[in-house]
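Sequences listed follow chains A and B, in order.
Straight run, no breaks: the first sequence in my numbering ends on number 153.
Straight run, no breaks: the second sequence in my numbering ends on number 153.
Ideal Cβ positions, reconstructed from N, Cα and C, are used throughout, including at glycine.
Here the structure is a predicted model, which means the values were calculated and not measured.
Below is one structure; the comments refer to it alone.
Protein chains: 2
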Amino acid sequence: MSSNPLGNNKVMQVGMVVENIEEAVLAWSRLLGVEPPPITTTDPFDVSNAHYQGKPTPAQAKLAFFDLGQVTLELIQPIGEPSTWNDQLSAHGSSLHHIAFEIKGMKAHLRGLAEQGLGLIQQGEYSGGRYAYVDGQKQFGTVIELLEND
Amino acid sequence: MSSNPLGNNKVMQVGMVVENIEEAVLAWSRLLGVEPPPITTTDPFDVSNAHYQGKPTPAQAKLAFFDLGQVTLELIQPIGEPSTWNDQLSAHGSSLHHIAFEIKGMKAHLRGLAEQGLGLIQQGEYSGGRYAYVDGQKQFGTVIELLEND
């Protein structure tokens, strides 16, 4: 086990699932005093190659990002299922979902985390990078996301 | 309504409730590659003057803080009730609880947020400052904490 399995300690993103992303974007914009960011949709499976619990999933999500410097707030409204986003919204309603750290070398990090009992929940790709969510709910109190940008 | 009701946009803390703070501290320490921080207990009512839903509460919590630069991760294990920490743990298990912003002028900020429909859940004092949690769960997807350090 490395002395720092993530390779860095900087929280780069906090993500939350919401029932209605249009309303949540406006609420956050007012609170933060910033312009509403665009709402995008994650890529379909042929681009994202999204896998949930080891199997391909057609689930997508609407996303919006508030760039607040070091930390980005990510709003997520699930589209379809199965996904960790949909699980969270179904079980807990609008709620915080994950803390994200930027890493380099996804496969090696996932192996290291699996050795700590942090199993992979979901992973996928986006233009210029890839993500993985690992199940830290019980040990850590949160899903942990690894983000790797090329 | 001010153009930025918080007065700043910097996420300074992400808090989560956990079933067992001793275990969670060790898990986070291993993940982050840092020494385990001390576990402290919030002050009793005669010091904290803690109020939950407008009424005095004897509830306390064990706390541990991982200082990661701009962002501190706060682990919270509720002691007694009623508290927003205990509500969260009872309803959702170990899970993310809040995003905190540092503010100046608690009363004015709480008034401004109430005008946006963000009602006060809980507030209290600690050596050198005070906190308030406002109910952003539905609108924002999270409880929002205001922290004011003197």
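Cutoff 8 Å; reference residue i; Cβ partners in own chain excluding five residues on either side
i	result
Tyr-55 of chain A	Ala-62, Pro-85, Ser-86, Thr-87, Ile-124, Gln-125
Gln-73 of chain B	Lys-13, Val-14, Met-15
Lys-107 of chain B	Gly-10, Glu-151
Reduced DSSP category for residue i - H, G, I as helix; E, B as strand; rest coil
i	result
Leu-149 of chain B	strand
Glu-38 of chain A	coil
Ile-2 of chain A	Outside the shown range of chain A, which is 4 to 153, sits residue 2 of chain A, and nothing can be said about it.
Gly-97 of chain A	The sequence as given places Ser at residue 97 of chain A; Gly does not occur at that position. In the structure shown, Ser-97 of chain A sits in coil (DSSP, three-state: anything other than H, G, I, E or B).
Met-4 of chain B	At Met-4 of chain B, the pLDDT of 40 sits below 50, so the modelled position is not reliable and the matter cannot be decided from this model.
Thr-45 of chain B	coil
Asn-23 of chain B	coil
Gln-140 of chain A	helix
Residue i, enclosing beta strand (DSSP E) - first and last residue
i	result
Gln-16 of chain B	14–20
Asp-70 of chain A	63–71
Gln-126 of chain A	123–129
Gly-10 of chain A	Premise fails: Gly-10 of chain A is in no beta strand (DSSP E) and is neither H nor E.
Gly-132 of chain A	132–137
For residue i, the first and last residue of its enclosing alpha helix (DSSP H)
i	result
Ala-117 of chain B	109–118
Cβ neighbours of residue i in the same chain (closer than 6 Å, five flanking residues each side left out)
i	result
Glu-128 of chain B	Ser-51, Asn-52
Val-20 of chain B	Ile-79, Trp-88, Gln-91, Leu-92, His-100
Phe-68 of chain A	Pro-40, Thr-75, Glu-77
Bridge partner(s) assigned by DSSP for residue i
i	result
Ile-102 of chain A	A:Val-17, A:Ile-147
Glu-77 of chain B	B:Gly-18, B:Phe-68
Lys-58 of chain B	B:Tyr-55
Same chain, Cβ closer than 7 Å to residue i, neighbours up to 5 away in sequence not counted
i	result
Val-38 of chain A	First, the residue type needs correcting, since residue 38 of chain A is Glu and not Val in the sequence shown. Excluding sequence neighbours, Glu-38 of chain A sits near Ser-32.
Met-109 of chain A	Arg-133, Ala-135, Leu-149, Glu-151
Interface partners of residue i on chain E, CB under 7 Å
i	result
Lys-13 of chain B	The displayed structure is made up of protein chains A and B, and chain E is not among them.
Check distances from the C-beta atoms of the region 86–103 of chain B to those of chain A and list, in chain order, the residues that come in under 9 Å. Within the region 86–103 of chain B, the residues whose Cβ lies closer than 9 Å to some Cβ of chain A are Ala-94, His-95, Gly-96, Ser-97, Ser-98, Leu-99, His-100, His-101, Ile-102, listed in chain order.
For the region 121–144 of chain A, enumerate the residues whose C-beta is nearer than 9 Å to any C-beta of chain B, in chain order. Result list: Leu-121, Gly-139, Gln-140, Lys-141, Gln-142, Phe-143, Gly-144.
Residues in the region 36–47 of chain A with C-beta within 8 Å of chain B's C-beta atoms, listed in sequence order? Those would be Gly-36, Val-37, in chain order.
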